[in-house]
Amino acid sequence: MTVKSYKLNNGTFMPEVGLGTWRGNDDGALVQTVKTAIELGYRHIDCAPYYANQRDIGKALKEIQVPREDLFIVSKLQLDYLDMLLMHWPFAVKPEVGFTEDYGAEDIENVPNGHMEGDGSLEQELVEFCKDNNIVVTAYCPLGGYEVNVMDDELLKRIADAHSCTPAQVALSWERARGIVVIPKSTNPICLKQNLEEFVALTPDEMRMIGNIKRFERNCDPGHDFKELNWVFYPEEAECPVV
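Residue numbering for the sequence shown is 913 to 1155, as defined by my numbering.
Right, here's the structure in full:
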């Protein structure tokens, strides 16, 4: 299955749909999940040292028969080169004072891609800022998180019934119709295939209604996770796995 790609402002092409791998190895099946995803047509794999699964992903990539140049890899995985190095939390951090808010997106030159939570209710203004500045946006957690799950949303379920698809496909279609890259996570081969399929043609009213959903659940908040970032300055005190 061929997936549309976006040209980043540095000339690199980034596939519209990628495989998210955060907590993707909770059941120990990540190697097979990555191999299955690539067999289905995924070429974009999103990873990070914090996820503590890079060895498994690297193992899967070594076992597949796909040329390295056909893959788009975010982070570092037993590879000769990366397609994109993602900087998590673009904040200025000093251990003695904590986080500051003086370092904004407008201070970063030539940024090709911006990651942000994408369950439909967050970061609307930031999306517009990125578009105005030729920055392709990637939505992580596009299907919700711990408390908010698109599969439970009544509006998305009604729209899914009208289009004979799943609420997840509706949520991903809403993001993709706005020109946003999505990196949903799944270890289920059926869901992996559904997430990669052509997006549903939502009506203007459906697009508007989904855009008006207000949930405001944030799965990842650097302000709450400051202790986990100690490894930046004090690796010996790290509370998150360092690979």
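Don't be surprised by glycine CBs; every beta carbon is placed ideally from N, CA and C.
Nearest-angstrom Cα separation, counted from residue j out to residue i
| i | j | result |
| --- | --- | --- |
| leucine 997 | glutamate 1087 | 23 Å |
| isoleucine 950 | serine 1076 | 26 Å |
| leucine 931 | asparagine 922 | 22 Å |
| glutamate 1040 | serine 1098 | 28 Å |
| aspartate 1044 | arginine 1090 | 13 Å |
| tyrosine 962 | lysine 1126 | 29 Å |
| aspartate 992 | alanine 1074 | 46 Å |
| isoleucine 1071 | proline 1079 | 8 Å |
| asparagine 1124 | asparagine 1100 | 30 Å |
| alanine 960 | glutamine 966 | 7 Å |
| proline 1096 | tryptophan 934 | 10 Å |
| glutamate 928 | lysine 1069 | 24 Å |
| cysteine 1053 | glycine 940 | 20 Å |
CB of residue i within 8 Å of CB of residue j, strictly
| i | j | result |
| --- | --- | --- |
| valine 978 | aspartate 958 | no |
| valine 943 | alanine 972 | yes |
| asparagine 1061 | leucine 1055 | yes |
Counted within 10 angstroms of its Cβ, other Cβ atoms place residue i as buried (16 or more) or exposed
| i | result |
| --- | --- |
| threonine 1118 | This sequence places glutamate at residue 1118; threonine is not what is there. With 16 or more other Cβ atoms within 10 Å, it is buried. |
| glutamine 1036 | exposed |
| glycine 1064 | It is aspartate, not glycine, that sits at residue 1064 in the sequence shown. Exposed. |
| isoleucine 1102 | exposed |
| aspartate 982 | exposed |
| arginine 955 | buried |
Neighbourhood of residue i by C-beta distance below 7 Å, restricted to the same chain and skipping five residues each side
| i | result |
| --- | --- |
| serine 1085 | Phe1111, Val1112 and Leu1114 |
| isoleucine 976 | Lys947 and Ile950 |
| methionine 1121 | Leu1067 |
| lysine 1105 | Leu952 |
8 Å CB neighbourhood of residue i in its chain, flanking five on each side removed
| i | result |
| --- | --- |
| glycine 953 | Met913, Thr914, Val915 and Leu1108 |
Own chain residues within Cβ distance below 6 Å of residue i, not counting five before or after
| i | result |
| --- | --- |
| alanine 1051 | Gly1030, Glu1087, Ile1092 and Val1094 |
| aspartate 995 | Phe984 and Ile985 |
| tyrosine 918 | Met926 and Val1048 |
Residue i - containing alpha helix (DSSP H), residue span
| i | result |
| --- | --- |
| methionine 1121 | 1116-1123 |
| serine 1085 | 1079-1089 |
| alanine 1072 | 1066-1075 |
| valine 986 | Taken as a continuous stretch (DSSP letters only), valine 986 belongs to no alpha helix (DSSP H), being part of the beta strand (DSSP E) at 984-986. |
| lysine 947 | 942-952 |
| aspartate 968 | 966-975 |
Residue range of the unbroken beta strand (DSSP E) whose run includes residue i
| i | result |
| --- | --- |
| aspartate 1051 | Checking the displayed sequence, the identity of residue 1051 turns out to be alanine instead of aspartate. Where alanine 1051 is concerned, the enclosing beta strand (DSSP E) stretches over 1048-1052. |
| aspartate 958 | 956-958 |
| proline 927 | 925-927 |
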